[in-house]
Amino acid sequence: MPSLTRTRTCLFVCCLLSSLQLPATSQTVVHAPQAHSAGSQVITASLQEGEYSSFRAENPAFKFNHLAVDYRNGNVYLGAVNRIYKLSPSLEVQVSHETGPDEDNRKCYPPRIVQPCSEPLSLTNNVNKMLLMDYRENRLLACGSLYQGICKLLRLDDLFKLGEPFHKKEHYLSGVNESGSVFGVIVSYSTTSPDMLFIATAVDGKPEYFPTISSRKLARNSEEDGMFAYVFHDEFVASMIKIPSDTFTVIPDFDIYYIYGFASGNFVYFLTLQPEMGGGPTTGSSSTGREQVYTSKIVRLCKADTAFNSYVEVPIGCISGNVEYRLLEAAYLSKAGAILARSLDVAPDDDVLFAVFSKGQKRRPRQASQDSALCVFSLRKINEKIKERLQSCYKGEGTLDLAWLKVKDIPCSSAVSTTRTHTHTQVY
Numbered sequence: 001m002p003s004l005t006r007t008r009t010c011l012f013v014c015c016l017l018s019s020l021q022l023p024a025t026s027q028t029v030v031h032a033p034q035a036h037s038a039g040s041q042v043i044t045a046s047l048q049e050g051e052y053s054s055f056r057a058e059n060p061a062f063k064f065n066h067l068a069v070d071y072r073n074g075n076v077y078l079g080a081v082n083r084i085y086k087l088s089p090s091l092e093v094q095v096s097h098e099t100g101p102d103e104d105n106r107k108c109y110p111p112r113i114v115q116p117c118s119e120p121l122s123l124t125n126n127v128n129k130m131l132l133m134d135y136r137e138n139r140l141l142a143c144g145s146l147y148q149g150i151c152k153l154l155r156l157d158d159l160f161k162l163g164e165p166f167h168k169k170e171h172y173l174s175g176v177n178e179s180g181s182v183f184g185v186i187v188s189y190s191t192t193s194p195d196m197l198f199i200a201t202a203v204d205g206k207p208e209y210f211p212t213i214s215s216r217k218l219a220r221n222s223e224e225d226g227m228f229a230y231v232f233h234d235e236f237v238a239s240m241i242k243i244p245s246d247t248f249t250v251i252p253d254f255d256i257y258y259i260y261g262f263a264s265g266n267f268v269y270f271l272t273l274q275p276e277m278g279g280g281p282t283t284g285s286s287s288t289g290r291e292q293v294y295t296s297k298i299v300r301l302c303k304a305d306t307a308f309n310s311y312v313e314v315p316i317g318c319i320s321g322n323v324e325y326r327l328l329e330a331a332y333l334s335k336a337g338a339i340l341a342r343s344l345d346v347a348p349d350d351d352v353l354f355a356v357f358s359k360g361q362k363r364r365p366r367q368a369s370q371d372s373a374l375c376v377f378s379l380r381k382i383n384e385k386i387k388e389r390l391q392s393c394y395k396g397e398g399t400l401d402l403a404w405l406k407v408k409d410i411p412c413s414s415a416v417s418t419t420r421t422h423t424h425t426q427v428y
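Heads up: the sequence shown is residues 1 to 428, going by full-length UniProt numbering.
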């Protein structure tokens with residue numbers, strides 16, 4: 001049972017249970033917009049005890065969607081509607097970069113340079129969907145909603161545009177128009193090889209164009225032709241997973257929503273919210289009038305797995321007082337620290353996952369719930385549960401629990417298959 005406390009949904013929590021007090025810090029604490037919210041208009045920084053600084057965009061329409069803080073100097077980067085901002089640690093504007101609006105139509109598919117669009121174009125806002133710090137190359141990866149998810153690579157110092165790849169299909173990472181349904185994780189392998197970008201996204205009914213999860217090459221040269229190319233791709237296997245078309249015959253509006261992602265040890269993780277497939281006819285609200293049941297899951301992949309054979313997912317949530325909290329709203333990975341480590345029976349430098357869930361499973365939350373819970377999970381114990389799950393599957397116990405990928409639950413087999421089954425071939 002994870003540690004649990006009832007709270008209103010927020011990114012920063014002042015206390016966890018009555019016995020845990022967060023240590024004081026002299027660093028600036030920035031209160032950020034939630035990644036999956038409709039957007040915020042103000043951010044506030046706590047400079048020191050009793051002193052605060054705030055930043056508000058010059059246009060109320062420029063709502064904030066994502067935030068990244070440079071841990072080396074405290075500079076703050078904001079992804080907003082039609083703008084990217086660089087702020088000082090005290091939230092003073094250093095530079096802004098315009099990203100929109102521009103002429104577009106959501107029915108136009110990439111790449112336009114190969115296939116011109118015949119749909120009428122109109123002036124369209126560019127909603128920031130992903131903002132990632134690439135420390136190794138001193139650049140910011142900013143992806144928006146225009147042109148089916150085109151991304152810019154901006155220099156951290158002054159937001160100068162280093163590159164904007166757009167002439168290949170793989171240069172478009174996500175066609176979903178909603179902020180908060182895309183998450184990326186940058187992974188480094190060695191000092192001599194380029195970094196990799198694991199990208200997870202809702203597909204918004206376009207699975208033929210966008211894999212729901214993939215790994216891409218993050219070229220050192222921002223103008224390199226191979227930027228965002230799949231790490232591995234041949235006639236049969238690629239570094240991606242697509243939602244099968246048969247899944248949409250069961251739930252026509254099926255999609256997987258990615259709330260958070262991170263890398264730890266040998267693995268990359270994503271926290272998702274996805275409709276339950278069930279075992280029979282369509283259960284989507286659009287066809288039956290009933291609300292779709294959702295479940296939250298944690299997805300894990302091996303960093304070095306170029307064929308995604310190591311893909312595994314398990315449900316995650318909390319139960320307190322016979323009340324289930326199953327709808328994931330926000331998450332954050334941190335070190336346990338001395339006090340929390342004793343409570344969770346882990347080492348102080350172990351990774352722990354903080355996750356906010358709202359009550360029930362009957363809807364996808366569109367706004368912060370008044371009835372929610374903050375749960376704390378030891379990542380080591382999560383991995384132990386995944387290991388137990390995989391070992392039991394190798395013994396032929398249970399099912400793969402990947403109904404959305406296989407359309408139906410496939411019984412586990414005691415014989416390890418040599419084909420691509422999306423389960424681990426090695427337990428770490």
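All C-beta atoms in this analysis are idealised placements derived from N, C-alpha and C, irrespective of residue type, glycine included.
| Query | Result |
| --- | --- |
| Kindly confirm or deny that the segment 64 to 77 and the segment 119 to 129 touch, where touching means at least three C-beta pairs closer than 8 Å. | yes |
| Taking DSSP as the reference, what is the three-state secondary structure of Tyr258? | strand |
| Does any CB atom of chain C fall closer than 7 Å to the CB of Phe166? | Note that chain C does not occur in the displayed structure, where there is just one protein chain. |
| Here's the rule I'm using: 16 or more other beta-carbon atoms within 10 Å means buried, otherwise exposed. How should Arg300 be labelled? | buried |
| Here's the rule I'm using: 16 or more other beta-carbon atoms within 10 Å means buried, otherwise exposed. How should Phe160 be labelled? | exposed |
| Expressed to the nearest angstrom, what Euclidean distance is found between the alpha-carbon atoms of Tyr260 and Gly50? | 31 Å |
| Ignoring anything shorter than 4 residues or poking outside the segment 189 to 217, list the alpha helix (DSSP H) runs there in chain order. | none |
| So, helix, strand or coil for Asp70, using DSSP? | coil |
| Pick from Asp102, Lys217, Ala341: whose alpha carbon is nearest that of Tyr230? | Lys217 |
| Just confirm the distance between the C-beta atoms of Glu313 and Ile298, as a whole number of angstroms; I'd bet it's less than 8 Å. | 7 Å |
| Express the C-alpha separation of Pro348 and Gly337 in angstroms, rounding to a whole number. | 4 Å |
| If you draw a straight line from the C-alpha of Gln34 to the C-alpha of Val185, how long is it? | For Gln34, the predicted model reports a pLDDT of 41, less than 50, meaning its position is unreliable; a value from the coordinates is still stated below. Each residue's Cα considered, the two are about 18 Å apart. |
| Please classify Pro194 as buried or exposed, where buried requires at least 16 other C-beta atoms within 10 Å of its C-beta. | buried |
| Give a yes or no on whether the C-beta atoms belonging to residue 474 and Leu146 are separated by under 7 Å. | Residue 474 lies beyond the stretch modelled for the chain, which goes from 1 to 428, so this question has no answer here. |
| Quick one: Cα of Pro120 to Cα of Lys107, how far? | 9 Å |
| Can you give me the start and stop residues for the beta strand (DSSP E) that Tyr332 sits inside? | 323 to 335 |
| Kindly indicate the opening and closing residues of the beta strand (DSSP E) around Thr295. | 294 to 302 |
| Looking only at its chain, what residues have a beta carbon closer than 7 Å to the beta carbon of Leu328, apart from the 5 residues adjacent to it on each side? | Ile259, Leu271, Leu273, Ser296, Ala355, Phe357 |
| When DSSP labels each residue in this structure, what does Asp246 get in the three-state scheme? | helix |
| Which residue's Cα is closest to the Cα of Arg136: Pro165, Gly175, Met196? | Met196 |
| Can you give me the start and stop residues for the alpha helix (DSSP H) that Glu276 sits inside? | From DSSP, Glu276 is part of no alpha helix (DSSP H); its letter is neither H nor E. |
| Grab me the residues of Thr247's own chain with a C-beta within less than 8 Å of its C-beta, minus the 5 sequence neighbours each way, in chain order. | Phe254, Met277, Trp404, Leu405, Val407 |
| Which residue's Cα is closest to the Cα of Asn309: Ser122, Asp204, Ser239? | Ser239 |
| Is Lys381 helix, strand or coil by DSSP? | helix |
| Report the start-end ranges of each beta strand (DSSP E) in the segment 126 to 159 that is 3 residues or longer and not cut off at the edges. | 128 to 134, 139 to 144, 151 to 155 |
| At which residues does the alpha helix (DSSP H) containing Lys406 begin and terminate? | 403 to 406 |
| Runs of 4 residues minimum, wholly inside the segment 81 to 107: which ones carry the alpha helix (DSSP H) assignment? | none |
| Taking 6 Å as the limit between beta carbons, can you name the residues of its chain near Gly279, skipping five residues before and five after? | Residue placement at Gly279 is flagged as unreliable, the pLDDT there being 49, under the threshold of 50; the coordinate-derived value follows with that caveat. There are no such residues. |
| Do Cys412 and Glu388 have their beta-carbon atoms positioned less than 7 Å apart in this structure? | no |
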